[in-house]
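J.: In my numbering, the protein residues as written are 721 to 865. Structure below; questions to follow.
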């Protein structure tokens with residue numbers, strides 16, 4: 721009976737696990753991406769696959785989406801939650817420094833930019849602006865994406 725209740729609860733309130741990165745080049749500029757399917761500038765990231773460690777997931781996503789060629793090991797920066805429809809997304813944020821990117825526009829990402837974290841481009845999403853402000857000011861992050 722307990723397994724049935726857990727199964728029903730997971731159908732009614734699914735949880736997706738994702739990762740995102742504050743990926744910085746050697747100059748300290750932050751990598752932002754513009755997706756083809758949603759407006760605005762975002763931190764790069766994506767979903768965590770079954771049985772995949774989150775730190776490996778962010779490296780995979782950076783390689784797949786933006787052509788990560790090199791970078792330091794990911795450092796865990798925080799865990800956040802957001803509601804997306806009926807689902808709850810849990811997002812593990814990592815900081816990856818000294819990134820080198822070999823970007824080619826693809827099915828998911830239309831373009832990228834390395835931006836000064838203190839002066840991100842117009843159209844940067846509210847969630848991305850919050851993460852950048854928290855990173856720069858060293859204030860306590862909100863638990864919400």
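Positions of the beta carbon are idealized from the N, C-alpha and C atoms, including for glycine. Keep in mind that this is a model prediction, so the values were computed, not measured.
Pick helix, strand or coil for residue 786, following the three-state DSSP scheme.
T.: Residue numbering aside, residue 786 sits at position 66 when the chain shown is read from its first letter. Residue 786: helix per DSSP, three-state reduction.
J.: Nearest to residue 778 by CA position, among 769, 787, 790 and 765, is which residue?
T.: Stepping through the chain shown from its first residue, residue 778 is reached at position 58. Checked all of 769, 787, 790 and 765; the closest Cα to residue 778 is 765.
J.: Taking the straight line between their C-alpha atoms, what separation do you get for residue 735 and residue 748?
T.: Within the chain shown, the letter at position 15 stands for residue 735. Within the chain shown, the letter at position 28 stands for residue 748. One C-alpha to the other measures close to 33 Å.
J.: Report the three-state DSSP secondary structure of residue 758 (helix, strand or coil).
T.: Here residue 758 is taken as the residue at index 38 of the chain shown, counted from 1. Three-state result, residue 758: coil.
J.: Buried or exposed, going by whether 16 or more other CB atoms sit within 10 Å of the CB of residue 799?
T.: Position 79 of the chain shown, counted from the first residue, corresponds to residue 799. Looking at its Cβ environment, which holds fewer than 16 other Cβ atoms inside 10 Å, residue 799 is exposed.
J.: What do you reckon, are the CB atoms on residue 787 and residue 824 nearer than 9 Å?
T.: Position 67 of the chain shown, counted from the start, is the residue given in the question as residue 787. Position 104 of the chain shown, counted from the start, is the residue given in the question as residue 824. In this structure, residue 824 lies closer than 9 Å to residue 787 by Cβ.
J.: Using DSSP with H/G/I as helix, E/B as strand and the rest coil, what is residue 831?
T.: Counting from one through the chain shown, the residue named residue 831 turns up at place 111. Residue state, collapsed to three classes: strand.
J.: For residue 692, count the other beta carbons within 10 Å of its own beta carbon; 16 or more makes it buried, fewer makes it exposed. Which is it?
T.: Look at the range of the chain in this structure, 721 to 865, and you will see that residue 692 is not part of it.
J.: Contact defined as beta carbons within less than 8 Å: I believe residue 814 pairs with residue 797. What is the distance between those atoms, to the nearest angstrom?
T.: Position 94 of the chain shown, counted from the start, is the residue given in the question as residue 814. Position 77 of the chain shown, counted from the start, is the residue given in the question as residue 797. Confirmed, about 6 Å.
J.: Check the DSSP bridge columns for residue 800 and list the partner residues they point to.
T.: Against the chain shown, residue 800 aligns to sequence position 80. In the DSSP output, where bridge partners are listed per residue, residue 800 has 811.
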